[in-house]
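Number of protein chains: 2
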Amino acid sequence: MVLLDVLGQRWTLRLLWELSHDPATFRVLRARCDDVSPTVLNQRLKELRGLGLVDLGESGYELTSIGMALAAKFASLDAWANQWAQNLEKHDVLKD
Amino acid sequence: MVLLDVLGQRWTLRLLWELSHDPATFRVLRARCDDVSPTVLNQRLKELRGLGLVDLGESGYELTSIGMALAAKFASLDAWANQWAQNLEKHDVLKD
DNA sequence: ATTGACGCTACATATTTAGTAGCATACTTT
DNA sequence: AAAGTATGCTACTAAATATGTAGCGTCAAT
Numbered sequence: 001m002v003l004l005d006v007l008g009q010r011w012t013l014r015l016l017w018e019l020s021h022d023p024a025t026f027r028v029l030r031a032r033c034d035d036v037s038p039t040v041l042n043q044r045l046k047e048l049r050g051l052g053l054v055d056l057g058e059s060g061y062e063l064t065s066i067g068m069a070l071a072a073k074f075a076s077l078d079a080w081a082n083q084w085a086q087n088l089e090k091h092d093v094l095k096d
Numbered sequence: 001m002v003l004l005d006v007l008g009q010r011w012t013l014r015l016l017w018e019l020s021h022d023p024a025t026f027r028v029l030r031a032r033c034d035d036v037s038p039t040v041l042n043q044r045l046k047e048l049r050g051l052g053l054v055d056l057g058e059s060g061y062e063l064t065s066i067g068m069a070l071a072a073k074f075a076s077l078d079a080w081a082n083q084w085a086q087n088l089e090k091h092d093v094l095k096d
């Protein structure tokens, strides 16, 4: 599964998520992602750009059309996940 | 996004993926996941169990109904991803 | 009793990430 | 022209995480 190798790294999914709202410059993006270290941020951005999911344009980093398609799929996954998270809270499964 | 924190770790997504095919014992599961270290495997299984996605039954570790629902969503994501991966190969974007 | 499979822990090593500082370039303001 | 400010990004050390290997305790079958 290709997608797993791509997304199964720290921050990758989060970056996709953050960029799906707005494009952002390197530094702004960094701020949005809990001040992730620039080292990793740059690594991930390289990968995502290499995969054609992200693109560096005038207004900073932004999702390509493919990246947006992927993010949309995750958004619907998210909707489902939130429902599910509510159930978890009810049963206190998340506590530790 | 709850799902991101859960899945944005190494092996988590992979475990879900592997278990979606068949249940597996700790050791078998380990073998299926490129002999991931038992330390991490156990960590992730704990988390996934804590989240109610995975369950340890008679035939080993297996997805709960919720886990299966999540895996199904990823399966459809995977279908899309494979298409996309073919395009990538065509354009040699994946090479490095 | 020994063997083998199970889930899992211990611990030392290697890899990855975090955290901070700062460089090089460009554009803006003074 | 000088100084300030913002950009993307690299360097380097410390901390966190993963790997790799050994092995424990339990159970079932031989």
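The listed protein sequences derive, respectively, from chains A and B. So for the first sequence, the working numbering puts the first residue at 1; every next one is plus one. So for the second sequence, the working numbering puts the first residue at 1; every next one is plus one. All residues carry an ideal CB built from backbone N, CA and C; glycine is no exception.
Report yes or no: is there a C-beta of chain A within less than 9 Å of the C-beta of residue i?
i, result
"A81/B", "yes"
"L4/B", "yes"
"T12/B", "yes"
"F69/B", "Residue identity check: residue 69/B is Ala in the sequence provided, not Phe. So yes, A69/B belongs to the interface."
"L41/B", "no"
"F74/B", "yes"
Who are the Cβ neighbours of residue i in its own chain at under 8 Å, not counting the five residues just before and after it?
i, result
"L19/A", "L29, V54, Y61, E62, L63, G67 and A71"
"G120/B", "In the structure as shown, chain B starts at 1 and stops at 96, and residue 120/B therefore has no counterpart that could be examined."
"R32/A", "E18 and A24"
Among the candidates the options, whose CA atom is the shortest distance from the CA of residue i?
i, options, result
"S59/A", "D22/A, A69/A and R10/A", "D22/A"
"W80/B", "A69/A, K46/A and R44/A", "A69/A"
"R14/B", "F74/B, G50/B and R27/B", "F74/B"
Looking only at its own chain, which residues have a Cβ that is under 6 Å from the Cβ of residue i, when we skip the five neighbours before and after it?
i, result
"L41/A", "R30"
"L16/B", "A71"
"S76/A", "none"
"L48/A", "V54"
"L4/B", "none"
"Q83/A", "none"
Would the beta-carbon of residue i be found less than 8 Å away from any heavy atom of the ligand MN?
i, result
"L77/A", "Absent from the structure shown: the ligand MN. Ligands present: none."
Would residue i be called buried (16 or more neighbouring beta carbons within 10 Å of its own) or exposed?
i, result
"T25/B", "exposed"
"G8/B", "buried"
"T12/B", "buried"
"L113/A", "Residue 113/A falls outside the range modelled here, since chain A spans only 1 to 96, and no answer is possible."
"R44/B", "buried"
"D96/B", "Only weak support is given to the placement of D96/B: the predicted model assigns it a pLDDT of 39, under 50, and the value that follows is read from those uncertain coordinates. It counts as exposed."
When you compare the CB of residue i with every CB in chain B, is at least one pair closer than 9 Å?
i, result
"L77/A", "yes"
"L56/A", "no"
"L45/A", "no"
"L19/A", "no"
"L7/A", "yes"
Short of 7 Å in beta carbon distance, which residues of its chain neighbour residue i, apart from the five on each side in sequence? Order them along the chain.
i, result
"V36/A", "W11 and R30"
"P38/A", "R30"
What ranges does the beta strand (DSSP E) occupy inside the stretch 24 to 91 of chain A, keeping only unbroken runs of at least 3 residues that lie completely in it? 54 to 57 and 60 to 63
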